[in-house]
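One structure is given below, encoded as structure tokens.
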Amino acid sequence: MPDTTPTHAQAAMAPQAGWRSFAADWSSDQRAFKSASWGKTMMWIFLLSDTFIFSCFLLSYMTVRMSTTVPWPNPSEVFALEIGGTNLPLILIAIMTFVLISSSGTMAMAVNYGYRRNRAKTAILMLVTAAFGATFVGMQAFEWSKLIHEGVRPWENPWGAPQFGSSFFMITGFHGTHVTIGVIFLLIIARKVWRGDFDQERKGFFTSRKGRYEVVEIMGLYWHFVDLVWVFIFALFYLW
Amino acid sequence: MAQAAATIDEGQQHPIKLYLVVWGWLFVLSTFSYLVDYFHLQGYLRWSLILLFMMLNAGLIVAVFMHMAWERLALAYAILLPPLLVLVFAGIMTFEADYTLFTRERFFHADSG
């Protein structure tokens, strides 16, 4: 039960505002992240480590692209599609971007409805998010098979620098894996929401601990991160 | 303690409209990014526009969708400052890549002698 009696300790940790709060929170000799639960904090720290993983991929891509003496294939032409007789550059990638952004939008609204204890809307919006994610992965599978069919391999391709293939498969493959894992977890959490686990404080199958609607927000952090990484891949790999 | 913290942390409550507005902006910014490629802009104009739209997109996602704008600075600094070190790494690898390119052109080109 929540202990509402104000104690000296709680008075001392009355939140300060502004940049002074940074030093005050970290030196409080208590939990440093006062507004974020440990679940949310640990998701953020995991995402920070994941940021470094994707940074390393994008940096190695930058390094091989800068140091090759062979011309880099033009992504605008490589990823062009012919739709209705007109050749549209990069159109599939643009559609994938909009699909992923839309999934982020529905996820943000799912989090919002979760905190309003609206079970049905939360679960439905999460399922829509998962559907967008699955669509994205499907389009990526189409893109991969198209490129493999055209002769792109991690060690060679018909248009120029062989490092193009290895960078492409590594970066988009890792990102697609993140999306796939996200879809699976979205379905799991959506089922819990639908069943009312967080209202009945039902114990989790794996952890035997009660979940809260905050789980939806933590799930959302992961999902938005996947979208965030795509923003960087889209700009640095496809548009550059 | 954990229970008391849980009651403080009653979650992020923001109007739905905010998310829809950000969603719209993400669409607009991504369209701009795509148009940079569509109109074949080149050179510094292309790079600066791509990076500008990328950072605006990323900023909106982190600040609003991931609620970082409403977190306390203790968390925001802990998460947002370390990735800046990646820029140092990028600087080091730029230097390295330039050197690799130099040695390849100087010693491995067919006509470099």
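If you read the sequences in order, they're chains A and B. The numbering of the first sequence is this note's numbering, which starts it at 1 and goes up by one. The numbering of the second sequence is this note's numbering, which starts it at 241 and goes up by one. Even glycine gets a Cβ: it sits at the ideal position worked out from N, Cα and C.
Look at the segment 296–312 of chain B: the residues with a C-beta under 7 Å from a C-beta of chain A are Asn297, Ala298, Ile301, Val302, Phe305, Met306, Glu311, Arg312. Taking a 10 Å sphere around the C-beta of Gly18 of chain A, we find fewer than 16 other C-beta atoms and assign the residue as exposed. In its chain, beyond the 5 residues on either side, Lys210 have a beta carbon closer than 7 Å to the beta carbon of Glu201 of chain A.
Looking from the CA of Trp44 of chain A, the closest CA among B:Asn297, B:Leu291, B:Ala314 belongs to B:Ala314. Looking from the CA of Ala131 of chain A, the closest CA among A:Ala94, A:Ser60, A:Gly182 belongs to A:Gly182. Taking 4 residues as the minimum length, the segment 149–183 of chain A contains no alpha helix (DSSP H) run wholly inside it. In the DSSP assignment, Ile83 of chain A falls within the unbroken beta strand (DSSP E) covering 81–83.
DSSP, reduced to helix, strand and coil, places Lys203 of chain A within a strand of the structure shown. Excluding the 5 residues flanking it on each side, Leu47 of chain A has same chain C-beta neighbours closer than 6 Å at Phe225, in chain order. Ser104 of chain A is positioned such that its CB atom lies no closer than 7 Å to that of Phe272 of chain B.
Counting only Cβ-Cβ distances below 7 Å, Thr97 of chain A has contacts in chain B at Ser270, in chain order.
For a cut-off of 8 Å, the C-beta gap from His175 of chain A to Trp223 of chain A is around 13 Å, too long to register as a contact.
In summary, Pro73 of chain A is buried, with 16 or more beta-carbon neighbours lying within 10 Å of its beta-carbon over all protein chains present. For Thr271 of chain B, the uninterrupted alpha helix (DSSP H) run begins and ends at 256–278, by DSSP. Neighbours of Arg344 of chain B across chain A, judged by C-beta separation under 9 Å: Ser67, Thr68, Thr69.
Around the CB of Ile83 of chain A, fewer than 16 other CB atoms lie within 10 Å, so the residue is classed as exposed. Taking a Cβ-Cβ cut-off of 7 Å, the neighbours of Phe267 of chain B in chain A comprise Phe98, Ile101, given in sequence order. Annotated as distal: Pro162 of chain A and Gly151 of chain A, with beta-carbon spacing of 7 Å or more.
Residues of the same chain with a CB within less than 7 Å of the CB of Met170 of chain A, apart from the 5 flanking positions on each side, are Phe57 in chain order. Judged by DSSP in its simplified three-state form, Leu88 of chain A adopts strand.
For Val229 of chain A, the enclosing alpha helix (DSSP H) stretches over residues 214–233.
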